[in-house]
Structures are given as structure tokens and as C-alpha cells.
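Below is one structure; the comments refer to it alone.
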Amino acid sequence: MKATQRNFASAAAGAARKARIFFFCGPDEAGAHGAAARIVSLLDAPGEKVEIEGSDLKKDPVRLADETRSTSLFGDRRHIIVRANGDEAHDAVKILTDSDAADIAEGWPVLIVASSATDKSRTAKLLEKRDDALVVMFYPPDLASVTGEVRRLADAAGLRMGSELAQRIAGSVGLDIRMAASEVQKLALYLDADAQAPRSVSAEDLDAIAAETEDDGMMPLVDAVLSGDAAAVPHELARFKQLGLNPVGTVLAMERRVAQLAQLAARMGDRPDVAGFVKGEVDARRLFFRDKDAIARQLQLWRGARLARLGERLIELHRSLLADSQAAPLLFAAGCTQIAQAARGRR
Numbered sequence: 171m172k173a174t175q176r177n178f179a180s181a182a183a184g185a186a187r188k189a190r191i192f193f194f195c196g197p198d199e200a201g202a203h204g205a206a207a208r209i210v211s212l213l214d215a216p217g218e219k220v221e222i223e224g225s226d227l228k229k230d231p232v233r234l235a236d237e238t239r240s241t242s243l244f245g246d247r248r249h250i251i252v253r254a255n256g257d258e259a260h261d262a263v264k265i266l267t268d269s270d271a272a273d274i275a276e277g278w279p280v281l282i283v284a285s286s287a288t289d290k291s292r293t294a295k296l297l298e299k300r301d302d303a304l305v306v307m308f309y310p311p312d313l314a315s316v317t318g319e320v321r322r323l324a325d326a327a328g329l330r331m332g333s334e335l336a337q338r339i340a341g342s343v344g345l346d347i348r349m350a351a352s353e354v355q356k357l358a359l360y361l362d363a364d365a366q367a368p369r370s371v372s373a374e375d376l377d378a379i380a381a382e383t384e385d386d387g388m389m390p391l392v393d394a395v396l397s398g399d400a401a402a403v404p405h406e407l408a409r410f411k412q413l414g415l416n417p418v419g420t421v422l423a424m425e426r427r428v429a430q431l432a433q434l435a436a437r438m439g440d441r442p443d444v445a446g447f448v449k450g451e452v453d454a455r456r457l458f459f460r461d462k463d464a465i466a467r468q469l470q471l472w473r474g475a476r477l478a479r480l481g482e483r484l485i486e487l488h489r490s491l492l493a494d495s496q497a498a499p500l501l502f503a504a505g506c507t508q509i510a511q512a513a514r515g516r517r
């Protein structure tokens with residue numbers, strides 16, 4: 171089966187009941203991870219989570235099929251999460267899908283989140299026509315789509331929320347739907363709201379629960395790095411450490427910004443007036459107005475091949491952080507400094 175980003179929400183419940191192999195890909199890694207979490211939440215009995223790196227499956231492709239048939243010491247249920255880059259899991263998926271359909275149906279669910287892969291990749295082609303599999307590609311969200319998703323989440327949580335507040339939440343979390351969902355959950359708890367007892371949300375309520383704002387969250391560091399503000403980066407890294415923010419989450423925010431810049435650069439084409447183009451995007455409600463100046467600076471710095479290389483560098487940094495959690499703070503700080511220096515060289 172193959173679904174689109176737009177109809178995934180309506181298809182998820184049926185897929186969780188019917189499919190056993192899920193392949194979530196595309197440039198929006200946060201959206202792919204969110205989709206995997208959504209499927210897990212819909213499984214009748216997800217049980218223990220078993221995580222496998224795509225690089226490990228590339229070395230030992232038989233392992234995936236073995237894991238789907240394995241049992242824990244206590245016979246508990248399981249689901250398997252594979253974090254892959256591109257087609258790393260292809261051979262493992264080929265071995266699994268060559269099994270009898272009955273064996274696959276009896277095995278544990280497999281959810282593959284594949285960064286740098288698309289729905290045209292070899293792994294996706296293996297799965298897209300199978301009734302026991304689901305393939306979905308996720309593109310970076312824009313402000314309007316995340317605002318709409320925030321309102322949908324709010325409605326489900328029993329919160330009456332206008333578009334202005336929903337847009338504020340979407341912008342404050344850097345268009346990260348997972349973080350937006352967390353903010354909605356906090357609001358529901360704060361207001362003691364649910365579907366049977368809905369509550370109206372005010373700006374004061376949002377101020378009261380907001381753990382992070384644009385002034386004290388990760389986005390100032392993201393903007394300092396991608397804008398080449400090398401003088402501000404050490405201060406932002408120190409503040410980042412004091413707040414105990416997550417390096418992986420911040421690199422994800424940088425990856426989302428790069429994907430957003432790529433979309434904007436494609437729409438802008440050869441037009442020389444970057445500031446005028448960005449203003450038009452804000453007026454069309456495709457950009458959060460507070461991001462206007464940073465986006466304009468970054469579009470001047472990162473275009474074409476340089477932007478593509480920046481995306482590749484962030485993927486490398488992301489993978490290195492996941493591979494060595496102890497060294498992650500140092501790797502993150504060094505990566506931020508290197509990117510800021512590269513950007514500064516173009517200013």
C-alpha cells in the first residue's frame with residue numbers, strides 16, 4: 171500500500187491493523203518519526219520496542235527477518251524500529267518479504283524510518299504494492315499545514331483555539347509537529363480539558379504553559395549558526411547547555427530549516443530581491459512573520475550546491491550524535507561552529 175502525507179492520518183488506523191511493514195521516508199524526518207509513533211500508538215499491543223540501525227542491517231541483512239520471529243525471555247510482544255539512511259535496509263527488507271505471507275503476518279511489526287530515501291527508492295518499490303506494507307513520503311511542513319494540524323490536535327484534546335494561537339504554537343516549535351503536539355497536551359492538562367469538557371484557550375494560557383519561546387528555545391542557536399553569526403554562536407551554545415536542550419532535536423530543527431530553504435529557493439528561482447520574495451511568503455501565510463529576517467539572511471547565504479552540501483553535513487552530524495551519545499555535546503558544538511564559519515565566509 172502507498173499513502174500520501176495528506177491522507178496518512180485517515181489511513182493510519184486501518185494500516186496499523188492490516189500492515190506489518192511500514193516505510194516512512196522523505197526530507198521531513200520529524201514527520202516520518204511522528205508517523206512511526208502514530209502507528210505504534212494504534213497497534214493493539216505494541217509491547218517492547220526493539221531498535222536497529224540501518225547500517226547494522228546492511229552488514230547483516232538476515233537479522234531483520236530473525237528479529238521479527240524472535241521472542242523475549244518472558245515471551246512479551248515486540249515491535250521493531252529501524253533507523254536507516256537511504257536504502258540501507260533494502261537487502262534486509264528483501265529477505266523479509268521473500269518469506270511466506272503467513273510468516274510475515276505472524277511476525278512482529280517493522281517500522282522503518284529512512285532519512286534521505288524517497289518513495290521512489292528500491293526499498294519503497296519492494297513494499298508499495300504489498301497489502302501487508304505501507305509506504306509514505308513526508309515533505310517539510312509549511313506554516314499553514316502545521317497550524318492546521320495544531321488546530322486538529324487541539325480539537326481532539328477539547329481545546330477551542332483560534333488560528334492566531336495555533337500559528338503561534340506552530341512557529342514557536344519550528345514547525346515540529348511532535349513538539350506542537352506536546353504543547354497541545356500541556357495546554358489540555360493545564361486547562362483540565364477533554365473532548366467531553368472543552369475549554370477555550372487564551373494567549374495568557376499559552377504564556378503560562380510555554381516551556382520554550384523563541385527567546386529561550388533552540389531557534390536562536392539555529393538562526394545564529396545558519397546565518398553565519400559566528401560571534402553569537404558561543405553565547406548561544408552556552409545558553410543551550412544551561413537550558414539542557416537536546417542536540418539531536420536541534421539538528422533536526424536545522425534540517426527542517428534547510429528543507430524549508432530548499433523549497434523557498436525553488437519557488438524564488440532567479441529573482442534577485444530576496445527580501446521582497448520573503449515578505450510575499452509571509453503575506454501569503456507560508457512563513458511565520460518572526461522568521462522573516464532570519465530566512466532572508468539564510469536564503470542569501472545558502473543556495474544551490476551549497477545548500478545541498480549543508481543538508482548532507484547536517485545528516486552526517488545527526489548520525490554521529492546518535493552513534494556516540496557521550497561525545498554528542500562536543501560533536502554538536504564543533505559542528506555548529508564549523509557551519510557558522512562556512513556561512514560567515516559567504517557574508
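The sequence shown: position 233 = 403 (the numbering used here), numbered continuously. Glycine included, each C-beta is placed from N, C-alpha and C at the ideal position.
Residue span of the alpha helix (DSSP H) that contains residue i, given as start and end
i, result
"E298", "Counting along the chain, E298 falls outside any alpha helix (DSSP H), and DSSP gives it neither H nor E."
"V220", "Looking at the DSSP string, V220 is not in any alpha helix (DSSP H); the run it does join, the beta strand (DSSP E), is E218 to E223."
"R489", "G474 to A493"
"F211", "The question names Phe, but residue 211 is Ser in the sequence shown. Where S211 is concerned, the enclosing alpha helix (DSSP H) stretches over E199 to L212."
"S315", "L313 to A326"
"F502", "A498 to R514"
Residue i, buried or exposed, once every other Cβ within 10 Å from all chains shown has been counted against 16
i, result
"V403", "buried"
"V421", "buried"
"D453", "exposed"
"L492", "exposed"
"H405", "exposed"
"R479", "exposed"
"P442", "exposed"
"Q511", "exposed"
"Q430", "buried"
"G446", "exposed"
"S285", "buried"
"G196", "buried"
"S397", "buried"
"T238", "buried"
"E319", "buried"
"T317", "buried"
"R427", "buried"
"R338", "buried"
"R322", "exposed"
"A185", "buried"
"E258", "buried"
Run of the beta strand (DSSP E) containing residue i, from where it starts to where it stops
i, result
"V343", "Run containing V343: none; DSSP gives neither H nor E here."
"L281", "V280 to S285"
"F193", "I191 to C195"
Close Cβ partners of residue i (< 8 Å) along its chain, the five nearest in sequence each way excluded
i, result
"D494", "L501"
"E374", "none"
"A327", "V354, Q355, L357, A358, A363, D364 and A365"
"A378", "Y360"
"D385", "Any reading at D385 is ruled out, since the residue's pLDDT is 39, under 50, leaving its predicted position unreliable."
Neighbourhood of residue i by C-beta distance below 6 Å, restricted to the same chain and skipping five residues each side
i, result
"P216", "V210 and H249"
"D346", "A200"
"I509", "V395"
Of the listed residues the options, nearest to residue i (C-alpha basis)
i, options, result
"I485", "C506, Q468 and I465", "C506"
"A513", "Q496, Q468, G481 and K299", "Q468"
"A294", "M171, V252 and V320", "M171"
"R455", "K411, P311, L477 and R409", "P311"
Contact set for residue i: own chain, Cβ-Cβ below 7 Å, skip 5 residues either direction
i, result
"S269", "A235"
"A503", "L407"
Minimum length 4: unbroken alpha helix (DSSP H) runs contained in the segment 220-278: Segments of the alpha helix (DSSP H) lying fully in the segment 220-278: 224-229, 232-238, 260-267 and 271-276.
Complete alpha helix (DSSP H) runs within the segment 361-427 (minimum length 4 residues, chain order): With a minimum length of 4 residues, the continuous alpha helix (DSSP H) runs that stay inside the segment 361-427 are 373-379, 389-396 and 403-413.
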